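Okay, so here's the structure we're looking at.
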């Protein structure tokens, strides 16, 4: 099965390359596929035939039209490519003995915004998908997992769906079927990848039965699309809404699976992966689903067109590839905390600007309050977030925290205030860190001057620390030094003579990178621990000395003074 999937992936890569070349050729030459024209004796162009989805219909052309001028000039051989109309930016057309002007504001060229969304971004998206697929293949030569090939197919399907969505090539009927099949398979492949990926981690996520059912939906929709042209008119109406509803159902199933298993595994280590998937899935599909599909299905009018909202889908492959190939991921909670805070700050200025826009511009025909609100809110949110990044880079000043680290440090100091043994200090330290950071295990090791590593927590099972022997040697240079590893981190928390004490924190999965606040918080904890260790060690040395004096039956003057002071203190307390 794995070899079959690998061979299918190779075939799909070759097909996508050929399809990409086909798209580039027709777009660069401005060929309107499906708009058939012929040259008349007067060197004019006559529209002979137009397919259902040809781009010529979006320009306003009709069968039988005579094209008198193209961009202010007589039609030439450059305007006919393979019997199709080409390079038609502005047309002067004769229809029913009347001359009309057709100004194609959505002309496919490299110098307007429409081509940026419908041609340039899909090409960049395809190139990135190929690059990611190649990188996944390289990584998978070592891992050799089945999910890698599903992810490659997902990337190729979503890029082909994006390439075939619009532009001059939409006139080919087969192009419509390619677009529909790949578009509806995107959520299915997404769910299939998640199912297989977690299965390889020995974690249940969804079921193969659900995946197989979803795989039948694109096939059914393609069949309906094919047979509806042979059926009497009116039997199948609004076929585009059927396709959009199918996509919405698939997305809903994916959301349900992620949320459902996120609730089940909320106390497990891999809950964090599900949370990252849910966030990336929401950011990617929210604009396309909420701003295009739902308004189009419910009201027949979208808020933002598909060519504007579809680019957000690039977040899904990038997020999946990032999690698939890297060992450490960024802390999504840390980022979301800041976004929530800045979203709240953005509401007030957004309301103010929209209110002013309503007062001064509401009479304009193209005034759209929803678009203005969304754009203003996103601009303010971006400005606030970028401001914090610049503040940290140039002034190193923090303005928000993921947790209340000050309270956590205060609680820790209260815990270690009355301890009298090293194991109690380390126990409180481990408890504090496990409560805050996404790690599930913490161990203390003693590293001698000769680099000998001794496991300190004798009461628990010794972990496989030998994998991190090099990190143990590096982390002992200074108190508070942190070295991150795939599934956690090491930090030096104190010294005793020539020996160093190192805390090893681990999780059963790869943990997110430590944030700036977490690193600062850990360093503070390590310094408090170091001071507490010094006090405990001094008390232990004093007690050992007193025991030695007792055995020797000695009674020095300083001991008498100490005992007298202690007795006086007890009397005053009474």
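In the numbering used here, the protein residues as written are 44 to 617. No residue lacks a Cβ here, since even glycine has one placed at the ideal position from N, Cα and C. Model, not experiment: these values are computed from the prediction.
Residue 93 has 78 as its beta-bridge partners, per DSSP. Per DSSP, reduced to three states, the secondary structure at residue 581 is helical. If you keep only unbroken alpha helix (DSSP H) runs of at least 4 residues inside the segment 505 to 584, you get 512 to 518. The beta carbons of residue 569 and residue 536 sit closer together than 8 Å. For residue 138, the enclosing beta strand (DSSP E) covers residues 133 to 138. Taking all protein chains shown into account, residue 343 has fewer than 16 neighbouring C-beta atoms within 10 Å of its C-beta and is therefore exposed.
The criterion of a C-beta distance shorter than 8 Å is not satisfied by residue 562 and residue 530. Looking at 194, 526, 396, 89, the one whose alpha-carbon comes closest to that of residue 514 is 526. Beta-bridge analysis with DSSP links residue 496 to 490. Between the alpha carbons of residue 346 and residue 124 lies a gap of roughly 36 Å. Counting C-beta atoms within 10 angstroms of its own C-beta, residue 576 has 16 or more neighbours from the protein chains shown and is therefore classed as buried. DSSP places residue 86 outside both helix and strand once states are collapsed to three, so it counts as coil. Here the alpha carbon of residue 95 sits roughly 18 Å from the alpha carbon of residue 264. Here the segment 230 to 237 does not lie against the segment 87 to 107, with fewer than 3 beta-carbon pairs under 8 Å apart. Only residues of its own chain outside the window of five on either side were considered, and among them 230, 328, 332 have a CB closer than 8 Å to the CB of residue 294, listed in chain order. Taking C-alpha positions only, residue 114 is separated from residue 134 by approximately 6 Å. Around the C-beta of residue 204, 16 or more other C-beta atoms lie within 10 Å, and the residue is accordingly described as buried. The alpha-carbon separation between residue 486 and residue 455 amounts to approximately 18 Å.
Closest by C-alpha distance to residue 72, out of 112, 121, 111, is 121. Taking the Cα positions, residue 195 is about 14 Å away from residue 168.
Within the DSSP secondary-structure output, residue 109 pairs in a beta bridge with 89, 137. Three or more beta-carbon pairs separated by less than 8 Å link the segment 541 to 548 to the segment 506 to 524, which places the two stretches in contact.
Under a 10 Å Cβ-count criterion, residue 310 is classified as exposed, with fewer than 16 other Cβ atoms of the shown protein chains found around its own Cβ. Going by DSSP, residue 327 is part of the alpha helix (DSSP H) stretching over 314 to 331.
A distance below 8 Å separates the beta carbons of residue 354 and residue 164. Cβ-Cβ separation between residue 86 and residue 118: approximately 7 Å, consistent with a contact (criterion under 8 Å). DSSP places residue 127 in the uninterrupted beta strand (DSSP E) bounded by 127 to 129. A straight line joining the alpha-carbon of residue 53 with that of residue 171 spans about 17 Å. The C-beta distance from residue 357 to residue 290 rounds to 17 Å, too long to meet the 8 Å contact threshold. Under the DSSP assignment, residue 252 falls in the alpha helix (DSSP H) whose first and last residues are 251 to 270. The C-beta of residue 516 has fewer than 16 other C-beta atoms within 10 Å across all chains shown, which makes the residue exposed. For the pair residue 500 and residue 449, the Cα-to-Cα distance works out to about 28 Å. Taking the Cα positions, residue 458 is about 37 Å away from residue 388. Straight through space, the alpha carbons of residue 60 and residue 557 are spaced by roughly 40 Å.
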